[in-house]
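Residue numbers (this note's numbering): 2 to 288.
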Amino acid sequence: MVPIRRVLAAVAVTYAVLSAGERVTRPGYELRAWWYGDADARTCVPGRVGCRCAADDRCAGTCRRGLCFGARYPVPDAYLYRDDAQHDVERIHALVLAALDLTPGLRVADLGAGPGWLTVPIAQRLGPDGRVWATDLDDHALARLRAHLDDARTRRPLAPVEIRRVTAPRDTGLDDLAPASLDRVLMINVFGFGPDRPRAETVSFLARVCRLVRPGGRVLYHQDWLRRPEGEYPVDAMRAIFRDAGCGRTRERPMPAHMPPWSWALPDGIAAPAHPMERGYLLEVTR
Ligand SMILES: C[S@@+](CC[C@H](N)C(=O)[O-])C[C@H]1O[C@@H](n2cnc3c(N)ncnc32)[C@H](O)[C@@H]1O
2 MVPIRRVLAA
12 VAVTYAVLSA
22 GERVTRPGYE
32 LRAWWYGDAD
42 ARTCVPGRVG
52 CRCAADDRCA
62 GTCRRGLCFG
72 ARYPVPDAYL
82 YRDDAQHDVE
92 RIHALVLAAL
102 DLTPGLRVAD
112 LGAGPGWLTV
122 PIAQRLGPDG
132 RVWATDLDDH
142 ALARLRAHLD
152 DARTRRPLAP
162 VEIRRVTAPR
172 DTGLDDLAPA
182 SLDRVLMINV
192 FGFGPDRPRA
202 ETVSFLARVC
212 RLVRPGGRVL
222 YHQDWLRRPE
232 GEYPVDAMRA
242 IFRDAGCGRT
252 RERPMPAHMP
262 PWSWALPDGI
272 AAPAHPMERG
282 YLLEVTR
C-alpha cells in the first residue's frame, strides 16, 4: 500500500510541473493577444510553452486557453498572463456579440477589424446568406484576418467576407455601398477613430458610415481603455459626435468588470504611460 503522503506529494509535483508550462518562460516576450497576437488552435497545445502560431514566423509565444500568444510588445507577464485580463477580453467580446443581436442573413461591416477577433465569430453567425465587410488600415492585420478566415472556414461555414484596405484614417472603405444597405456596423477598439483628426472630419466620416445603415440597424462603438487626454474621446464627446453626424439614438451599454488600471511595476526599459488609462465604454447607436 502506497502511503497517502507519497500520493499527495506525487500529485503536487505533477501539478507543479504541468502548471509551470502555463507560466511565462520568456520574460519580456510580448502579448497583447487580442490585438496583434495570433491564435491557432491547431498548433497550440494548452499548458505547453513554445507553441507555433500560423502564418507568422515572428510569433513563437505561449499557449493559453488553447490560443497561441506571441508578438510585438514586451508587456509585463504579471499583467497579460493574469487570467482576469484574458477573461475580461472574452467578456467584452461576448457583450459586443450579444449587443449585435446577429441573425442569419444580416449584412455587417467591421471597421478596423484587425486580425478578425470579432469578424470570424460574426461571419460564423450570419450563414451563407449573410455578408461581412471588414476594413483596416494595416496590411499586416489584414493578412492575419485572411489567415484566420481561411482557418475558420475549414472548420465551419462562414458568410462571405469582403476585405477592404482603407487608405486614410477617415476613409470608410465602403462609400460605394448603397445607402441603408447594412444592418450592423462595428467599431471596436479602433484607436484611430479618436481625436487624432479634426472633429469635423470624424463627424463627416460617421455621417458617411451611418448613411449605410438601414433604419432600425445598429452601430456599435467600443473602446476598452481611454488614453487621456489625447487618446480617445470620452463617452459624452462621442455621443455628441454621433448626434452631430445624424446617426440616431445612442445608448451606453454597461461594461463588465474591467481590467485593473495600468498600475503594475514596469520592467526595465519600458516607459510607463504618461497618463493613467481610464475605463472605456460601449455605445450602441440605433438608426
Ligand atoms: C486594436 S485593433 C482592434 C481590432 C478589432 N476591431 C478588435 O476589436 O479585435 C485596432 C485595429 O484598427 C486599425 N485601425 C486603426 N485606425 C484605423 C482607421 N482609421 N481605419 C481603419 N482601421 C484602423 C488598426 O490597424 C488595427 O488593426
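Note that beta-carbon positions come from the ideal geometry of N, C-alpha and C, so glycine has one too.
Since residue i sits in a beta bridge, which residues does DSSP pair it with?
i, result
"leucine 213", "Its beta-bridge partners do not exist; DSSP assigns none."
"leucine 187", "Asp111 and Leu221"
"arginine 252", "Glu285"
"leucine 227", "Glu279"
In whole angstroms, give me the CA-to-CA distance for residue i and residue j.
i, j, result
"proline 196", "tyrosine 234", "6 Å"
"valine 167", "isoleucine 189", "16 Å"
"glycine 106", "alanine 148", "23 Å"
"arginine 157", "proline 129", "11 Å"
"phenylalanine 194", "arginine 92", "23 Å"
"tryptophan 118", "glutamate 231", "26 Å"
"glutamate 31", "proline 116", "With a pLDDT of 30 at glutamate 31, under the threshold of 50, the modelled position of this residue cannot be trusted; read the value that follows with caution. Cα to Cα, the separation comes out at about 16 Å."
"arginine 240", "proline 122", "27 Å"
"phenylalanine 243", "arginine 145", "30 Å"
"aspartate 176", "glutamine 224", "24 Å"
"proline 255", "leucine 143", "30 Å"
"leucine 284", "proline 216", "17 Å"
"arginine 209", "valine 133", "18 Å"
"proline 47", "glycine 113", "Caution is warranted here: a pLDDT of 42 is assigned to proline 47, below 50, making its placement in the model unreliable, and the coordinate value is therefore given only provisionally. Cα to Cα, the separation comes out at about 29 Å."
"threonine 290", "arginine 171", "As displayed, the chain neither begins before 2 nor continues past 288, which places residue 290 out of reach and without an answer."
"valine 97", "tyrosine 282", "11 Å"
"aspartate 140", "aspartate 151", "16 Å"
"alanine 179", "glycine 249", "19 Å"
"alanine 95", "glycine 174", "26 Å"
"aspartate 111", "arginine 252", "20 Å"
"leucine 159", "arginine 165", "17 Å"
"glycine 211", "threonine 120", "Note on identity: in this sequence residue 211 is cysteine, with glycine being the wrong assignment. For cysteine 211 and threonine 120, the distance between alpha carbons rounds to 19 Å."
Nearest by alpha-carbon distance to residue i: which of the options is it?
i, options, result
"aspartate 102", "Asp152, Tyr282 and Asp184", "Asp184"
"alanine 201", "Ala153, Gly247 and Asp139", "Gly247"
"valine 191", "Val109, Pro216, Pro180 and Trp226", "Trp226"
"arginine 154", "Ala99, Arg212, Ala124 and Gly113", "Ala124"
"alanine 135", "Asp151, Glu279 and Val109", "Val109"
"glycine 131", "Glu163, Val220, Arg212 and Ala238", "Glu163"
"alanine 238", "Val204, Leu221 and Leu187", "Val204"
"alanine 181", "Leu213, Val220 and Ala208", "Leu213"
"arginine 219", "Thr287, Gly281, Leu150 and Leu127", "Thr287"
"glutamate 279", "Thr251, Asp151, Leu98 and Val236", "Val236"
"aspartate 245", "Phe206, His141, Leu138 and Asp151", "Phe206"
"alanine 99", "Thr251, Arg165, Gly249 and Leu221", "Leu221"
"leucine 127", "Gly249, Arg198 and Pro161", "Pro161"
"aspartate 137", "His94, Leu187, Leu159 and Gly249", "Leu187"
"arginine 198", "Asp111, Ala179 and Ala169", "Ala169"
Compute the minimum distance between the beta carbon of residue i and the heavy atoms of ligand 2, and state whether it is under 6 Å.
i, result
"leucine 103", "Ligands in the displayed structure: ligand 1; ligand 2 is not one of them."
Threshold first: 3 residues or longer. Then list the beta strand (DSSP E) segments lying entirely within the stretch 93 to 176, N to C.
108 to 112, 132 to 137 and 162 to 166
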